[in-house]
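S.K.: Handing you this structure, nothing more for now.
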Amino acid sequence: MSSEPSAGTQFPTFYELPAASPQSDTEESTWWLLAQIKENMTITQPTLIATDQTGVDFALLFEDKGTSLKAFRKGYTVAVPRARRTDREGEGKKAVVRVPAGRGADVKVIPGSLERILELGTVIQGADVGQKCAACGSTESAVSKCTGCGFAAYCGKECQVKGWSEMDHKSNCKVLKAMRDITV
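One gets this note's numbering by counting positions in the sequence shown from 1 and adding 404 to each.
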C-alpha cells in the first residue's frame, strides 16, 4: 500500500487512509480526514468517536493527555491533517486514528455537520466563486469578498445584506472561515 492517499485525494475516507508507520512524517503532501463528531469518550485519554463520509465510525485518540476537547462538540466536523490509520486487528480491536503528541493543535474543528461541509465544499470549488455576486449573480461590476470567510463576494451593500439575511450566509460564514484553513 502507498504511504499516502492517491493523487488528488485531499479528503480520504477512514479506510483510504495510509497505515501508521515509522516514516509517517516524510511525505510532503497534505490530506485531511474529515469526520463528524459523534461522541466525546474522554476518560483518561482525550478521545472522540467520529463518523467519516462513508458512515464508518472510528475512535480519534489524542496522545497529548492535556488536550482540551471543549470546542469539539457533538455534530461538528473534525479535520485531522495527515491522518493515519492504526490497525489493531491483532489485538482484537477496531482500527483508530491517533493524533501524535504535539500535533493536537493541528486538528481543526469546523462548526457544522459533515454533510454541510461537503455541500459547501462543492460550492467553493466552483470556478466563479469570488468572481460574481453571490446574491444577484452579476459579473458586470467589481465584487468585494466577505471579510469573514473570504469566499462570498457581493457587488454592493444591498446584495451583501440580502446574502447575509435572506440567503443564509450568516450561518455559513463561520463554517466557510473554518474550512479556509483546510483547503489548498
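Where a beta carbon is used, it is the ideal one built from N, C-alpha and C, also for glycine.
Count Cβ pairs between the region 506–524 and the region 473–493 that sit closer than 8 Å; are there 3 or more?
M.R.: With a cut-off of 8 Å, the region 473–493 and the region 506–524 count as touching, because enough Cβ pairs lie within range.
S.K.: For the structure I just gave you, are there three or more beta carbon pairs, one from the region 439–451 and one from the region 524–531, closer than 8 Å?
M.R.: With the cut-off at 8 Å, the region 439–451 and the region 524–531 do not touch.
S.K.: Would you mind sorting Gln590 into buried or exposed? The rule is 16 or more other CB atoms within 10 Å of its CB.
M.R.: What the structure shows of the chain is the stretch from 405 to 588, and residue 590 is not part of that stretch, so it cannot be assessed.
S.K.: Which residues does DSSP pair with Trp436 in a beta bridge?
M.R.: DSSP output for Trp436 lists Pro485 as bridge partner(s).
S.K.: If you draw a straight line from the alpha carbon of Val460 to that of Phe418, how long is it in whole angstroms?
M.R.: Spanning the two alpha carbons is a distance of roughly 7 Å.
S.K.: Please work out which residues of its chain come closer than 6 Å, Cβ to Cβ, to Trp436, disregarding the five sequence neighbours upstream and downstream, and give them in chain order.
M.R.: Only Phe415, Ala483, Pro485 and Ile586 meet the Cβ criterion.
S.K.: Does any residue of chain D bring its CB to less than 7 Å from the CB of Cys559?
M.R.: No chain D appears in this structure, which consists of one protein chain only.
S.K.: So for Glu420, helix, strand or coil by DSSP?
M.R.: The answer is helix: DSSP assigns Glu420 an H, G or I state.
S.K.: Are the Cβ atoms of Asn444 and Leu473 separated by less than 7 Å?
M.R.: It is a contact, given that the beta carbons lie within the stated cut-off.
S.K.: Nearest-angstrom Cα distance between Ala556 and Gly534?
M.R.: Answer to the nearest angstrom: the Cα atoms are 6 Å apart.
S.K.: For Pro515, which residues from the same chain have a beta carbon less than 7 Å from its beta carbon, with the 5 sequence-adjacent residues on both sides left out?
M.R.: Contacts found: Tyr480, Lys578, Val579 and Ala582.
S.K.: Find the nearest neighbour of Lys442 within the set Lys478, Glu420 and Ser517, judged by alpha-carbon distance.
M.R.: Nearest of Lys478, Glu420 and Ser517 to Lys442, Cα basis: Lys478.
S.K.: State the DSSP-derived secondary structure class of Leu452, mapped to helix, strand or coil.
M.R.: Looking at Leu452 - three-state DSSP - the assignment turns out to be strand.
S.K.: In whole angstroms, what separates the C-alpha of Ala475 from that of Val503?
M.R.: Cα to Cα, Ala475 sits roughly 16 Å from Val503.
S.K.: According to DSSP, simplified to helix, strand and coil, what is Thr543?
M.R.: Coil, per DSSP.
S.K.: Using the rule of at least 16 other Cβ atoms within 10 Å of the residue's Cβ for burial, across every protein chain shown, is Gly541 buried or exposed?
M.R.: By the neighbour-count rule (16 or more Cβ atoms within 10 Å), Gly541 is not buried but exposed.
S.K.: Excluding the 5 residues preceding and the 5 following Asn576 in the sequence, name in chain order all residues of the same chain whose CB lies nearer than 7 Å to its CB.
M.R.: Contacts found: Leu524.
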